Amino acid sequence: MTGPGSAAPFPMSLRGVEALGRLTLDLAESLGRFGRFLAQALLLVFVPPFKLGRLMDRIHFIGSRSLTLVILTGAFTGMVLGLQIFLTLSRFGAEGFLGPAVALALIRELGPVLCAVFVTGLAGSALTAEIGIMRITEQIDALTVMALSPMRYLAVPAIVAGVISFPLMTAVFDVVGIFGGYLVSVKLLGLSQGTYFGEMQTFVDLSDIMVGVWKSLAFGILVPWVCTYKGFHCGHGASGVARATTQAVVLSSVLILVCDYVMGSLLP
Amino acid sequence: MIRVQKLYKAFGDQPVLRGLDLDVATAEIMVIIGRSGGGKSVLLKHLIGLLRPDSGGILVDGTDITRLRGAALDEIRRRYGVVFQGGALFDSMSVTDNVAFPLREKTRLSAAEIRSRVEEKLEQVGLTGMGDKNPAEISGGMRKRVAIARALVNEPEVVFFDEPTTGLDPILVNTIHHLILELHQKFRFTAVMVSHEIPEIFGIADRVAMLHEGLIVESGPAEAIQASANPIVRQFIQGDIEPVGRAAGVSAGGGT
Numbered sequence: 001m002t003g004p005g006s007a008a009p010f011p012m013s014l015r016g017v018e019a020l021g022r023l024t025l026d027l028a029e030s031l032g033r034f035g036r037f038l039a040q041a042l043l044l045v046f047v048p049p050f051k052l053g054r055l056m057d058r059i060h061f062i063g064s065r066s067l068t069l070v071i072l073t074g075a076f077t078g079m080v081l082g083l084q085i086f087l088t089l090s091r092f093g094a095e096g097f098l099g100p101a102v103a104l105a106l107i108r109e110l111g112p113v114l115c116a117v118f119v120t121g122l123a124g125s126a127l128t129a130e131i132g133i134m135r136i137t138e139q140i141d142a143l144t145v146m147a148l149s150p151m152r153y154l155a156v157p158a159i160v161a162g163v164i165s166f167p168l169m170t171a172v173f174d175v176v177g178i179f180g181g182y183l184v185s186v187k188l189l190g191l192s193q194g195t196y197f198g199e200m201q202t203f204v205d206l207s208d209i210m211v212g213v214w215k216s217l218a219f220g221i222l223v224p225w226v227c228t229y230k231g232f233h234c235g236h237g238a239s240g241v242a243r244a245t246t247q248a249v250v251l252s253s254v255l256i257l258v259c260d261y262v263m264g265s266l267l268p
Numbered sequence: 001m002i003r004v005q006k007l008y009k010a011f012g013d014q015p016v017l018r019g020l021d022l023d024v025a026t027a028e029i030m031v032i033i034g035r036s037g038g039g040k041s042v043l044l045k046h047l048i049g050l051l052r053p054d055s056g057g058i059l060v061d062g063t064d065i066t067r068l069r070g071a072a073l074d075e076i077r078r079r080y081g082v083v084f085q086g087g088a089l090f091d092s093m094s095v096t097d098n099v100a101f102p103l104r105e106k107t108r109l110s111a112a113e114i115r116s117r118v119e120e121k122l123e124q125v126g127l128t129g130m131g132d133k134n135p136a137e138i139s140g141g142m143r144k145r146v147a148i149a150r151a152l153v154n155e156p157e158v159v160f161f162d163e164p165t166t167g168l169d170p171i172l173v174n175t176i177h178h179l180i181l182e183l184h185q186k187f188r189f190t191a192v193m194v195s196h197e198i199p200e201i202f203g204i205a206d207r208v209a210m211l212h213e214g215l216i217v218e219s220g221p222a223e224a225i226q227a228s229a230n231p232i233v234r235q236f237i238q239g240d241i242e243p244v245g246r247a248a249g250v251s252a253g254g255g256t
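Protein chains in written order, with our numbering: chain A, 1 to 268; chain B, 1 to 256.
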């Protein structure tokens with residue numbers, strides 16, 4: 001019995017073409033696997049049995065446990081924005097626009113993006129590491145041989161929890177950030193409270209808020225998708241899990257920024 | 001019960017299984033022995049449907065599981081119990097929850113019935129009163145016993161053991177072997193075990209198969225394998241480090 005034979009080696013002059021072709025095929029295969037993973041997970045969202053217990057656990061894992069970080073980073077982001085925009089606007093005597101500037105920056109851009117990046121660092125990395133360890137200790141194989149779908153247990157609840165948690169955490173980030181800006185500009189720099197909040201009501205409308213909501217929903221799918229995928233496909237041993245975790249955080253962060261730009265261009 | 005036919009599997013250019021044949025009869029304990037890296041775990045992963053062969057088949061009661069997908073394969077897996085090498089216990093759950101997990105997920109038993117069956121299984125493996133512990137809080141031997149309890153809680157027809165005694169001291173090795181034997185006599189499941197434990201496995205195996213370089217070089221009753229004249233089998237059983245001529249035994253083939 002012989003195995004599949006190996007192809008004859010390419011002549012030296014064509015080795016570069018061969019390497020490029022192999023790279024392209026590997027990339028196409030990886031992207032296909034990546035896309036199929038999401039398609040399978042999204043399909044299982046609507047197919048019973050629904051794992052509500054696992055969903056609650058994942059909402060706690062991704063959402064509740066990240067709340068302190070979200071509040072802390074939201075407050076300081078708002079304070080920095082308040083300070084820097086105040087200094088800039090004061091050169092033109094336009095401090096009255098500080099409130100809307102802080103609010104729009106947070107609601108449309110910084111809230112969804114920074115919140116997603118911070119949650120990726122905290123919960124996304126933990127998600128990849130947890131699933132990666134389950135992979136190398138055969139816990140995922142154990143689920144499979146029990147005729148249970150690992151996707152249904154591990155990926156689907158994480159993605160649904162992301163969709164629920166991310167917009168809520170972004171809302172918290174935005175509100176805390178706006179109050180951070182208020183603390184600096186009103187309490188420290190002497191802007192009037194009425195100007196800060198009054199102008200905000202004039203310039204921020206529902207479409208701005210919806211831009212933030214759509215972005216946070218997209219990131220809520222993106223981050224758990226990347227992080228669970230990397231956990232499922234981690235390499236061998238502790239180094240494989242470590243590499244998968246790093247890749248998950250880096251890839252999620254890059255994709256968040258790319259997605260933010262694309263959505264920012266397309267949404268009103 | 002299980003018939004492996006001409007199973008071939010390679011990873012890249014490296015063949016691991018090279019046209020392997022093996023038969024496992026209903027209710028027997030078949031132990032697969034062989035050197036580390038010889039393909040035992042790869043064979044086991046094919047038997048439980050975690051890997052697909054490049055060619056060949058695995059017939060379970062006449063159904064080729066290598067051709068099954070999704071629900072049809074899950075139907076076969078429902079008849080299986082698997083004890084993984086490291087136990088593969090869910091570390092986020094207690095011992096009780098680990099053992100109860102297959103019942104909660106795959107049956108409609110009431111909570112009281114599940115609790116009663118879990119307690120019964122924990123008692124059978126000698127872990128009464130340990131149900132509230134987490135897998136990280138118990139010893140390696142206990143983890144193996146929890147894994148056995150979890151594999152048997154659904155009363156499967158076939159149980160696969162992947163080196164169930166690796167890393168345990170000699171007393172625990174015998175304890176686990178006696179436990180498997182005792183449970184086998186009680187429930188009469190078909191057992192397929194991958195093991196290195198020579199000579200202990202001869203005390204529990206009905207039949208033994210020697211896997212060497214991707215082929216079954218000899219299989220038969222435990223006594224026959226112990227008395228085998230095949231130099232590869234002899235070298236493995238005696239633990240000799242002298243190299244053995246490859247051609248001497250490989251041609252034996254066959255799985256009966």
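Glycine residues also receive a C-beta, built at the ideal position from the N, C-alpha and C atoms.
Just so we're clear, the structure is a prediction, and the values are computed from it rather than from any experiment.
Asked, Found
"Which of helix, strand or coil does DSSP assign to A:Val184?", "helix"
"Under 8 Å Cβ-Cβ, which residues of chain A neighbour B:Lys144?", "The premise fails here: B:Lys144 is roughly 13 Å from chain A at the closest Cβ pair, so nothing lies under 8 Å."
"On the DSSP bridge list, what partners appear for A:Leu81?", "A:Leu81 pairs with nothing; no bridge assigned."
"Please classify A:Lys51 as buried or exposed, where buried requires at least 16 other C-beta atoms within 10 Å of its C-beta.", "buried"
"Using a Cβ-Cβ cut-off of less than 8 Å, list which residues of the stretch 113-127 of chain B approach chain A; keep chain order.", "none"
"When you compare the CB of A:Gln139 with every CB in chain B, is at least one pair closer than 7 Å?", "yes"
"What residue range is occupied by the uninterrupted beta strand (DSSP E) comprising A:Tyr229?", "Per DSSP, A:Tyr229 belongs to no beta strand (DSSP E); it is in the alpha helix (DSSP H), 206-232."
"Have a look at B:Val83, B:Met130, B:Val153 and flag the residue whose alpha-carbon is nearest the alpha-carbon of B:Thr107.", "B:Val153"
"Note the first and the last residue of the continuous beta strand (DSSP E) segment covering B:Glu218.", "215-221"
"Nearest to A:Leu257 by CA position, among A:Gly16, A:Arg36, A:Val113, A:Ala19, is which residue?", "A:Val113"
"From which residue to which residue does the beta strand (DSSP E) around B:Phe11 run?", "2-11"
"Just how far apart, CA to CA, sit A:Val250 and A:Leu106?", "23 Å"
"A:Leu148 CB to nearest chain B CB: under 7 Å?", "yes"
"Short of 8 Å Cβ to Cβ, which residues in the stretch 86-97 of chain B face chain A?", "Gly86, Ala88, Leu89, Phe90, Asp91"
"Check for me: the beta strand (DSSP E) holding B:Thr190 runs from which residue to which?", "190-194"
"Can you pull out the residues from the stretch 235-268 of chain A whose beta carbon lies closer than 8 Å to at least one beta carbon of chain B?", "none"
"Can A:Ile59 and A:Ser165 be called in contact, C-beta distance under 7 Å?", "yes"
"What number of angstroms, rounded off, separates the C-alpha of B:Ile48 from the C-alpha of B:Ile237?", "27 Å"
"Is the shortest distance between the beta-carbon of A:Val145 and the beta-carbons of chain B less than 7 Å?", "yes"
"Given a cut-off of 7 Å, decide if A:Asp174 and A:Gly111 are closer than it, judged by their beta-carbon atoms.", "yes"
"Taking A:Phe232 as the reference, give the member of A:Ile159, A:Gly264, A:Glu130 with the closest Cα.", "A:Glu130"
"If we ignore side chains and look at the alpha-carbon of each, how far apart do B:Asp54 and B:Gly19 end up?", "10 Å"
"Would you kindly report the start and end of the unbroken alpha helix (DSSP H) that includes B:Ala229?", "Element bounds for B:Ala229: n/a, residue is neither H nor E."
"Closer than 6 Å by C-beta to B:Asp64: which residues in its own chain qualify, once you throw out the five before and the five after it? Chain order, please.", "Gly57"
"Identify each residue in the stretch 50-64 of chain B for which the Cβ-Cβ distance to at least one residue of chain A is less than 9 Å, and report them in chain order.", "Leu50, Asp54, Ser55, Gly56"
"Mapping the DSSP letters down to three states, classify A:Gly5 as helix, strand or coil.", "Since pLDDT at A:Gly5 reaches only 45, below the 50 mark, its modelled position is unreliable, and the value read off the structure follows with that caveat. A:Gly5: coil per DSSP, three-state reduction."
"Between B:Glu218 and chain A, is the shortest Cβ-Cβ distance under 7 Å, so that the two count as touching?", "no"
"So what does B:Ser55 bridge to, in DSSP terms?", "B:Tyr8"
"What whole-angstrom Cβ distance do A:Asp141 and B:Leu50 have, given they're in contact under 8 Å?", "6 Å"
"Relative to the C-alpha of B:Ser116, which residue among B:Thr175, B:Asp97, B:Ser228 is closest?", "B:Asp97"
"CB-CB under 6 Å to A:Val211, same chain, minus the five flanking residues each way: which ones, in chain order?", "Arg108, Leu267"
"Can you give me the Cβ contacts of A:His236 inside the same chain, cut-off strictly under 7 Å, excluding the 5 residues immediately before and after it?", "Ile136"
"Establish whether the CB of B:Val82 and some CB of chain A are separated by less than 7 Å.", "yes"
"What does A:Ala75 touch in chain B if you count any residue whose Cβ is under 9 Å from its own?", "Within chain B, no residue comes near A:Ala75; the closest Cβ sits about 32 Å away, beyond 9 Å."
"In terms of residues, what are the limits of the beta strand (DSSP E) holding B:His46?", "Element bounds for B:His46: not the beta strand (DSSP E) but the alpha helix (DSSP H), 40-47."
"Buried or exposed for B:Lys186, going by 16 or more other Cβ atoms inside 10 Å?", "exposed"
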